[in-house]
Structures are given as structure tokens and as C-alpha cells.
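Quick note, the numbering used here runs 5 ahead of the 1-based positions in the sequence shown.
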Amino acid sequence: MIRLSKIKSITNRLVAHSSQLIALILLPLLFSCGKNNSSDENLKIFKYNESAGILTLDPIYAKDLPHIWACNQIFNGLVAFDDEMNVVPAIAKSWNISDDGMTYTFILRDDVWFHEDECFVSKTQRRKDAKTQRDEDSVTLRLCDSATRKVTAQDFVYSFNRVLDRKLNSSGSWIFSNVYAFDAINDTVLEIKLTQPFPAFLGILSMTYASVVPQEAVEYYGTEFGRHPVGTGPFKYQYWKEGVKLVFRKNPIYFEVIKDTKTQRRKDAKIESESESLSLCDSATIRLPYLDAVSISFIVDKQVAFMEFIKGKFHFMSGIDARYKDELLTRDGQLRSEYEDEIYLIREPYLNTEYLAFFLGDEDTLGKDRSLALRQAVSYSIDREKMLRYLRNGIGTPGNQGIIPAGLPGFKDSKTQRRKDAKIESDSATLRLCDSATLNIGYPYNPKKAEQLLKDNNLIGYELKLYTTQDYIDIAKFVQSALTEIGLNCRVEEMMPAALREKRANGNLPFFRSSWVADYPDAENYLSLFTTNNFTPQGPNYTHYSNAKFDELYQKSLTCNNLQERAKMYHEMDSIMMTEAPVVILFYDEVLRFVNKKVEGLGSNPTNMLNLKKVKID
């Protein structure tokens, strides 16, 4: 535990012995050269650290949060999700889905421009207008001299086909596995035809993989496009020193506008009056984003990054390391009072379910009945509330229900009501999707019942080996203790993450810790893990669970466009699967964000996306 009183002395030692690191931390922002440097100190710059690093800003490779967060500031897609997990327009202002669920027709905005970039200008023109292209004082000039162009439907056809290009080996190619064709009907109408109905498809289109990119930029920068991205987002690429700093600058021609106060309108009057074509609205609105820039640092040492955040060098910190969770949080997961004047805490349900999994491919070694009894006994044996309280400072919701986590869409009540009924609402996403009276799945803590199941099936003393990684060793030890108490002999085997993933995919781990973070906010994303045709190594069904009724309901749900009816199917599938217990649900995770009190408008959502376009800094 690091107490605030110790921070100064620790920092002094770091300065004395790590001058190079501190120099990198303090490296000035190089937004631009020449005359603009003198005013940079007055810019509203949102700063955060990314300890995991960023390798590319090409959206077709954005498969984890560090890359997704960065890319989401630069790029847009057809649609997006708001904080309530509702699909909302982005570049597509409206859409229509055919009655058979096979054809999606999108009507695009006609006022979306790519970032100003030299890729749109011929070599001759770039030389001729070099000074004009560098001029950041006039929005009008940048539009009139061909340094950008409007987005069209053909740009989406190009971008989507690029995701599918096998030569590029995009990690997101699977999102279009159900697509038959993309077709640009004209500049503002895009048609997508599916091979079969898939109600979650609209949500999939919100993923970063489905961002629009200009062909000119991809061809101009070639393999370096990921180091010099060009998109349509609220921020544009400015500067990148690998391992040190990544800087995005405000995009002055971003298409989204918002109503704002008279004071703000006056403040931004100059920008709004520079171009009639860019105003897009009357004087009661201003153009997003509010921030002037975003600065991302890459301090690998989380402890150093934590201290920099405490000192106010960063505006935001996501999640919390076990080494300093007790410094910031009380035992029940609340922010300690000594920090309340400087930072605030955001806690929201996260679409992540943590669980233990059994490989069922060899369950015949015990027999199906005894194997089922063993799995159910393990599920009943774990005091999840105690585990969360002592190991995670109360962060998360006990996994006493099914695989579907809190935070999925389909519920009727408002955000205010969800917070009021936080405990009920966070118990299970299925509770929000279906009538709570029918919710009867899962395994509450019941060690007596667990022990009786073992006795009835002659399993007392049975040996289990639980495979996990170092990050979850404390949870594994807790489970080990719980299983020992009911009469099982459990050993914990620690593995490197890559080795665990490989053995898990090949069915070589009989009992292991795992988790699933939703790729898109639909319960189908979780239930697909347990379909027969998704067996590993070709699919993500690591348990090799198979149930004909489950498979039948899953296929039926894919053709059901009625949310309530589909929710009932989801609930029934979840109930079937949990009865047979191929997985032991541990907890449903939460988004945890620590934010400097100078920051306004930094919300959160169950997908843990970082959206900075409406953020302000006092």
C-alpha cells in the first residue's frame, strides 16, 4: 500500500535514479512548429497514461482497449452507442432494416469531411500551397484548397472490404463473416446484405473495426498508415514519439454540433464565423469537441503512473492495480475521503463476466452424473460476496446468476432508476431483459448443499487442478480454500497467459479461470460461447459444452427481431446452460474510473469506451 505521505520521498528517489524516465515524462508537447508554440500553454489538453502501449492507430487492428480508445478519438463509423447502450447515428443519419432482417440500408450525412491531410493534395499542389496547408487560422482555406474531401458511401465499401482483405490479416475480419455484399447505391446511400438474419449486426457496426478510412490516405502512407491515421473523428493525429507521447489535436471541421451556453457561444464565435459552410447550424450551437488536444503518455510502471495521477499530471485513470487499491478505496469500494477534493470516482457495470470453466470433452472419466454433481458443488461452494469484499474492495457484482453480465441493453428503466436500484439491476443482465419473476438461474453460496452433492456422488477427496495466471492467483487461492472446506483436494497451477490460452484452445486444461468481455452489447455474444458449432480450436467454446435444445434456441434467436421475444430466448438458453454448469460464474465486473475534478463530461458505459468529444476541462 502506498500512502500519500510517502509519495514525495518515493518520487525523489525515482528522480535521483531515473532521470531519463522523468525527462521523458516532462517532454514538452510538440503540437506544431513556429508561431503557435507560444500559445500551447493555454490549450485545454486532456492527459492520460497508457501503460500497455499502442502499436498502431489503424482501426482494423484495434482489438484491445488501449488501441480502441485511441482510434475512437480519430475515427467514426456508421453508428455508435450512447452511454445508455442505445444505437445512435454517427455518419449514418438514419437506416432501415428489411422485414426479413437480411438487408440494411443506411442514409449517410452529407456534411462529414475527412481530416485535412496532404494525402488529398497532389504533389504539385502540395508544393504550391505549402504555406496555406500549414495555416491553422482559417478553416475556410483548408476546405477550399482540396486538403480534404467529403465522406461517401463508397468510402465505407472500401473500408469494409479492407477489413476482409486476407493479406492485411485484420483481427476484426470476423465482424463481416455474415455479410454477402456491400453496395454504394450513391454517395449517401449504403446497402449491406447479409447471408442470414443477425439482430446483433447493428451493434457490431459500432465497433472500431467498422470505422471509415479514406483510400487516398491508405495508399499515400502505405504500411505507415497506422502511424499517420486519417479519419473523420473529433481529433486528428498530430504527433507520436514511440514509448513517450502521442498527441491528437482538435479537428476544427468535425461534423457534430451541440447546443451550448451563451458564454460558450461567445468564446467560440470566431470559429463558428470562419466558414458558413461549416456552421451547419445557427448561432445557438457550437462544434465539438470542446478540448483542444489529447495527450497520451506511455509510462510502463503503473506505480509511477499512479503517483503522476495523484499529483494531477493526468486527468484520468482507468481501473486500479492491486498494489494501490487500498490507497484509494475503502473496503466497500468507495473513494477514500482524503481524495474527494481532488478526484471523483465513476463506477458502472462492465460487460465482462469472470468465471471458472470445465472442459467437458473428457467428462466420461467420471460419468456424466458425477461430473455434473462436481461442477454444481463447485458453484455452490464459493462465497462470492466475501471474495469481492476482501480481494477487490467490493468492485464487481457477485456472480450468482448466469453468464450474461450487468449492463446489457433492453431494460425499461432510466439511468436514474438503475442507480436507485443498483443492487437489483446489477445482479444480472437477464433481469433487465426479462420478467424478474422468471429469473431462477445460478448458484448462490451454499456450502452445505455443495458438500452433500459430493457425498451423494462419492466425490469427497476428489482432486482438481485449477489453472490460472499470476494476475488472478489471489482469486484462485480463495477458490482453493473454498473447495478444501467442502471436501475437495484442489491445487492451483500458475501459467503464463500465452501458454494458458494455447492449452485452453486445444482442450488441454480440465479446469481453468477465464473471462469474456463483450465485443458488442448483445447477450448473443455470451451465449454463442456455448454453441456446439463453436468448439475450439475453431471457435471460442472452450468448455465443449453441447446441448441440442440450447443450439436450437440460439439459431431461432438469430431470426427474431423482436427484442422482448429474443430476450426470453436468451434467458432460457442461459438457464439451460447454467443448470448443466460448464462454467462457475465468479463475478460481473465494473468499469472503474478515477477522474480529476477539473474534468467535466467524462461519462462511462458498460463497454468501457473512452469518448472525449464532450469532455471539458476547467
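Even glycine gets a Cβ: it sits at the ideal position worked out from N, Cα and C.
The C-beta of K573 has 16 or more other C-beta atoms within 10 Å across all chains shown, which makes the residue buried. Under the DSSP assignment, T584 falls in the alpha helix (DSSP H) whose first and last residues are 568-585. Of all alpha-carbon atoms in E585, G236, Y53, the one lying nearest the alpha-carbon of S300 is that of Y53. Between V262 and I291, the CB-CB gap stays under 8 angstroms.
Short of 7 angstroms from the beta carbon of D594, and not among the five residues preceding or following it, lie these beta carbons of its own chain, in chain order: Y355, N357, E359, G401. When DSSP reads this structure, K373 sits in no beta bridge, so it has no partner. Boundaries for A95: no beta strand (DSSP E) harbours it, and the DSSP string shows neither H nor E there. Annotation: the continuous beta strand (DSSP E) that includes I50 extends over 50-54. Straight across, the Cα-Cα distance linking D188 with I112 is about 12 angstroms.
Contact fails between the stretch 83-93 and the stretch 173-184, because fewer than three Cβ pairs, one in each stretch, are under 8 angstroms apart. Secondary structure of A481 (DSSP, three-state): helix. The beta-carbon separation of T548 and P502, rounded to 19 angstroms, does not stay under the 8 angstroms limit for a contact. In the three-state reduction of the DSSP assignment, Q159 falls in the helix class, which pools H, G and I. Your pair V497 and A481 checks out as a contact, with CB atoms roughly 5 angstroms apart and the cut at 8 angstroms. For T213, the three-state secondary structure derived from DSSP is helix.
If you check the CB distance, A222 and V235 come in under 8 angstroms. Taking the C-beta atoms as reference points, T489 is found no nearer than 8 angstroms to R518. Three or more beta-carbon pairs separated by less than 8 angstroms are not found between the stretch 187-202 and the stretch 525-537, which leaves the two stretches without contact. If you check the CB distance, G404 and L532 do not come in under 8 angstroms.
Along the length of the stretch 65-96, whole alpha helix (DSSP H) runs at least 4 residues long occupy 70-79, reported in chain order. DSSP places F517 in the uninterrupted beta strand (DSSP E) bounded by 516-522.
Cβ-Cβ distances below 8 angstroms link F80 to P64, T213, S216, V217, V218, P234, G236, T237, G238 in the same chain, with the five nearest sequence neighbours on each side left out; the list follows chain order. Taking the CA atoms as reference points, F203 sits about 21 angstroms from N552. Excluding residues up to 5 positions away in sequence, E55, A57, I59 lie with their Cβ nearer than 6 angstroms to the Cβ of P71 in the same chain.
The continuous stretches of alpha helix (DSSP H) do not include S342, and DSSP gives it neither H nor E. Around the CB of P526, 16 or more other CB atoms lie within 10 Å, so the residue is classed as buried. Cβ neighbours of K98 within its own chain (closer than 8 angstroms, five residues either side excluded): I112, L113, R114.
Contact annotation, F303 with V383: C-beta distance approximately 41 angstroms; criterion of less than 8 angstroms not satisfied. Every alpha helix (DSSP H) of 4 residues or more that sits fully in the stretch 290-372 is shown, in chain order, as 307-315, 330-333. Look at D461 here: in three-state DSSP terms it is helix.
Inter-residue distance for I209 and F311 is about 34 angstroms (C-alpha atoms, whole angstroms). Bounds of the beta strand (DSSP E) holding F592 are 588-601. Contact annotation: Y242 and L62 have beta-carbon atoms nearer than 8 angstroms.
At a Cβ-Cβ threshold of 8 angstroms, I102 and V117 do not count as neighbours.
When R352, G106, R571 are compared, the shortest CA-CA separation from V596 is found for R352. Setting aside the 5 residues that flank it on each side, D556 is surrounded in the same chain by T536, T537, each with a C-beta closer than 6 angstroms to its C-beta; the list follows chain order.
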